[in-house]
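Protein chains in written order, with this note's numbering: chain A, 18 to 505; chain B, 11 to 475. Think of the CB as a built atom: it goes at the ideal place given N, C-alpha and C, for glycine as much as any other residue.
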């Protein structure tokens with residue numbers, strides 16, 4: 018699954034520059050094949066075993082670096098989410114991306130390979146390589162195909178992420194060297210470092226380096242400022258991938274790396290992290306409400322939603338962590354779909370200001386219906402996916418952090434307020450301008466895009482066990498290990 | 011006495027002479043001179059690789075696995091520099107055979123620096139190299155900047171050579187011999203001698219505080235010259251530097267070098283941030299990279315030397331290619347190479363721009379390019395030798411450097427094109443860029459082979475030669 022997109026990207030380079038339709042179809046085929054592989058992976062996955070489909074090859078013998086990949090229930094879902102979003106992204110850019118088409122698709126395919134690699138790597142070195150590898154294509158996607166202030170946004174994105182990851186790199190190196198000095202074994206395997214016996218101070222610093230790198234990606238307040246810029250300026254496809262997948266790398270990084278590597282340092286800093294998560298929820302909600310720009314509103318709502326993800330994770334209860342993982346997937350679907358639809362309407366009107374819209378429900382009924390579905394899922398209406406995630410998170414977190422959870426619950430209400438406010442502004446009221454009256458409703462291609470996501474939104478909402486049954490064993494094991502690590 | 015031991019040098023010198031003769035008597039062949047020069051380097055590289063180890067000419071020069079490996083690197087770098095040159099020379103209308111003669115002879119000088127086992131042969135090598143470089147710097151004599159750069163370089167370089175000679179004379183006066191390995195490591199007098207010698211090579215490496223000439227000279231000399239000037243002499247100089255530094259005993263030299271290392275990194279990176287001229291920026295980035303390399307020298311373990319000898323070829327390829335492509339994509343040597351000139355080239359000249367971007371990412375240390383592996387190996391060696399602070403400063407500096415490297419990339423891909431003539435494509439540049447790109451990618455993903463070679467070189471190097 019990693020090499021298919023890379024090979025596709027390489028072949029795509031040889032397509033003649035003018036054959037844009039062929040390039041689009043080819044990239045779509047590649048991404049569909051990858052998704053099909055993902056589905057096969059999902060079906061053959063055994064819910065009750067831990068890591069599966071393991072590949073472990075010696076890669077760089079001098080440093081004893083292994084090409085070590087495996088998936089468990091947590092990474093499985095995120096990988097499938099990635100593979101699902103990519104065809105949507107390519108379809109979404111079918112008409113709106115008209116410059117440098119070949120490069121656009123090459124960048125996305127490379128990005129997909131890097132993300133899937135990062136979600137399945139079990140070797141610190143390998144993980145870091147994939148983690149950094151996705152910087153370059155994302156940087157180019159924002160910077161080349163983005164909006165007016167794209168360069169500012171792209172550079173900000175790159176600098177924020179790279180600062181975090183260079184410090185994380187230092188922490189990895191430090192860990193490896195200490196381990197080498199203590200045991201005489203040079204290794205980068207994650208399993209060898211879990212709950213290592215570093216002195217408390219050093220462990221704390223290393224944990225902070227990891228937490229900073231992942232916290233920037235999530236993004237936790239106060240290092241979230243790159244996110245609204247990047248989202249607003251990125252093309253629709255870029256926003257979808259950014260919100261849908263890249264942010265999840267941060268929260269996934271906590272589960273897979275930061276917490277198992279330094280469980281005690283994590284426990285010690287837990288109160289602060291919870292505060293940050295709750296601040297993220299309320300702050301994100303408040304700021305969203307104040308936005309006039311539709312895309313910015315959705316971007317800040319991401320900050321709030323990811324706050325829920327982190328809160329559920331920090332609760333360290335079975336319900337909370339499961340909810341957190343399913344909420345990662347939900348956020349990828351709902352927010353991805355929101356960005357997608359904002360992109361559709363932007364393609365038609367070239368404005369993102371709410372005041373320029375009004376009464377669209379009458380002009381574009383199909384669009385309205387789908388938008389409402391997605392919004393309600395994001396708000397957390399029972400029967401749709403958002404409800405499952407948020408409910409599990411709040412139920413899981415309440416026994417542990419009562420006050421924090423109560424404050425966080427207000428975030429759910431705010432989410433309803435600002436998202437429904439958005440819907441009211443855009444879809445109801447009078448049709449203000451002549452341009453709005455003449456708008457075409459969604460085309461078949463666009464409807465398919467949304468429906469792909471919509472199916473999963475409803476599926477998770479109605480029958481979540483398909484997915485929960487895969488997540489839960491992995492979460493149980495994670496928690497069981499955690500209890501062992503922090504036990505005195 | 012074994013003339014065979016001089017085979018690589020003889021081939022280079024004879025090729026250079028042949029080209030001078032051609033230049034004088036067969037001017038029609040000028041456009042093909044580069045082929046002859048390339049053939050010379052290939053032959054010489056082959057001869058170098060097949061040398062027998064040993065000591066020759068009354069211990070004046072030495073051949074070992076280490077010198078063979080490093081000299082092959084120097085010759086290969088020369089090959090790459092020559093391959094990039096003809097397109098630029100043709101564009102600027104200065105196609106003359108002596109350009110290659112000077113480059114080839116300069117390489118002979120560097121080979122002698124690496125092989126020399128007494129101070130005299132090292133000195134002769136350094137002077138031969140320097141004289142060639144002074145002339146090369148002024149090679150575009152019709153521009154305003156080149157003669158100025160050359161004069162600056164000459165004045166400063168002569169001063170550095172004088173310091174070296176002074177140190178050597180001091181040593182000879184004290185002991186009556188000039189063999190490098192016989193320099194005793196104890197005693198203040200000898201520490202002073204070594205400092206004199208080190209200072210001279212530090213100058214050629216352009217480390218703080220003797221770096222001031224580098225930006226002016228790199229910017230002033232024409233791009234086909236800068237490619238050569240900014241990379242290979244640094245390699246030769248750092249090899250001699252390490253050799254001498256291992257002789258200096260005690261803690262004090264290490265502390266001083268640590269300070270120099272920190273200042274070099276910080277100065278190089280901070281000043282590079284402020285540059286508007288890309289060539290000048292890369293000059294400062296080159297200074298910063300020498301700072302990173304000094305972490306390895308300070309650490310001084312065999313792991314660190316392995317990392318250094320891995321870093322050197324990677325540094326040569328990425329910096330050389332970056333300078334060459336900046337020259338190639340720029341407006342010409344008369345004009346400054348401002349960032350603006352590179353706007354939009356990512357799509358009008360996709361391949362060269364992509365290779366340039368790859369070199370810059372590699373310089374930043376972002377996988378999957380070899381620059382990342384090199385930095386990784388170096389920092390790891392530094393940490394293993396318990397220089398945590400030094401490595402941490404190195405990481406912070408890499409963070410600073412991200413900004414100025416990616417600034418070039420965003421001009422390439424995200425700014426709209428300037429109204430200017432695009433460079434005509436050239437297959438030699440294309441081929442050289444492809445070679446560089448494959449090198450950076452291959453050793454970025456599969457570094458094992460180069461690492462093992464570097465380890466062997468470090469082994470022989472530490473064992474005496």
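Measure from the C-beta of residue i to each C-beta in chain B and report whether the shortest distance is under 8 Å.
i: residue 149 of chain A; result: yes
i: residue 197 of chain A; result: yes
i: residue 133 of chain A; result: no
i: residue 227 of chain A; result: no
i: residue 52 of chain A; result: no
i: residue 194 of chain A; result: yes
i: residue 187 of chain A; result: yes
i: residue 157 of chain A; result: yes
i: residue 279 of chain A; result: no
i: residue 444 of chain A; result: no
i: residue 183 of chain A; result: yes
Under 7 Å between beta-carbons, which chain A residues line up against residue i? List them in chain order, please.
i: residue 420 of chain B; result: 160, 168, 171, 172
Could you name the residues of chain A that residue i contacts, counting a contact when the two beta carbons are closer than 8 Å?
i: residue 458 of chain B; result: 77, 78, 79
What residues of chain B sit near residue i, judged by a beta carbon separation below 9 Å?
i: residue 180 of chain A; result: 409, 412
i: residue 240 of chain A; result: Under the 9 Å cutoff, chain B gives no residues; its nearest Cβ is about 15 Å from residue 240 of chain A.
i: residue 153 of chain A; result: 367, 371, 376, 419
i: residue 176 of chain A; result: 409, 412, 413, 416
List, in order along the chain, the chain B residues whose C-beta lies closer than 7 Å to that of residue i?
i: residue 146 of chain A; result: 377, 378
Could you have a look at residue i and say whether DSSP puts it in helix, strand or coil?
i: residue 87 of chain A; result: strand
i: residue 258 of chain B; result: coil
i: residue 444 of chain B; result: helix
i: residue 504 of chain B; result: Since the first and last residues shown for chain B are 11 and 475, residue 504 of chain B lies out of range.
i: residue 161 of chain A; result: helix
i: residue 73 of chain A; result: strand
i: residue 394 of chain B; result: helix
i: residue 229 of chain B; result: helix
i: residue 348 of chain B; result: strand
i: residue 71 of chain B; result: strand
i: residue 400 of chain A; result: coil
Can you list the residues of chain A that residue i reaches, using a CB-CB cut of under 9 Å?
i: residue 462 of chain B; result: 78, 79
Is any beta-carbon of chain A found at less than 8 Å from that of residue i?
i: residue 471 of chain B; result: no
i: residue 394 of chain B; result: yes
i: residue 424 of chain B; result: yes
i: residue 467 of chain B; result: no
i: residue 264 of chain B; result: no
i: residue 405 of chain B; result: yes
i: residue 357 of chain B; result: yes
i: residue 390 of chain B; result: yes
i: residue 402 of chain B; result: yes
Comparing the CB of residue i with every heavy atom of the ligand GTP, is any distance shorter than 7 Å?
i: residue 147 of chain B; result: Questions concerning the ligand GTP fall outside what the structure shown contains, since it holds no ligand whatsoever.
Measuring CA to CA, which of the options is closest to residue i?
i: residue 235 of chain B; options: B/94, B/170, B/291; result: B/94
i: residue 322 of chain B; options: B/425, B/418, B/463; result: B/463
i: residue 224 of chain B; options: B/174, B/161, B/261, B/206; result: B/161
i: residue 284 of chain A; options: A/499, A/26, A/95, A/322; result: A/499
i: residue 228 of chain B; options: B/317, B/138, B/143, B/437; result: B/143
i: residue 296 of chain B; options: B/307, B/281, B/191; result: B/281
i: residue 102 of chain B; options: B/345, B/447, B/428, B/425; result: B/345
i: residue 112 of chain A; options: A/337, A/37, A/502, A/263; result: A/37
i: residue 423 of chain B; options: B/365, B/433, B/355, B/106; result: B/355
i: residue 160 of chain A; options: A/253, A/21, A/25; result: A/253
i: residue 257 of chain A; options: A/389, A/457, A/387, A/158; result: A/158
i: residue 268 of chain A; options: A/59, A/503, A/450, A/136; result: A/136
i: residue 45 of chain B; options: B/343, B/389, B/92, B/86; result: B/92
i: residue 451 of chain B; options: B/428, B/372, B/439; result: B/372
Counting only Cβ pairs nearer than 8 Å, list the residues of chain B close to residue i.
i: residue 191 of chain A; result: 393, 398
(Q) Counting only Cβ-Cβ distances shorter than 7 Å, please list the residues of the region 112-127 of chain A near chain B, keeping chain order. (A) 117
Q | Contact list for the region 311-335 of chain A against chain B, Cβ threshold 9 Å | A | Interface annotation for the region 311-335 of chain A against chain B: empty, criterion Cβ-Cβ distance under 9 Å.
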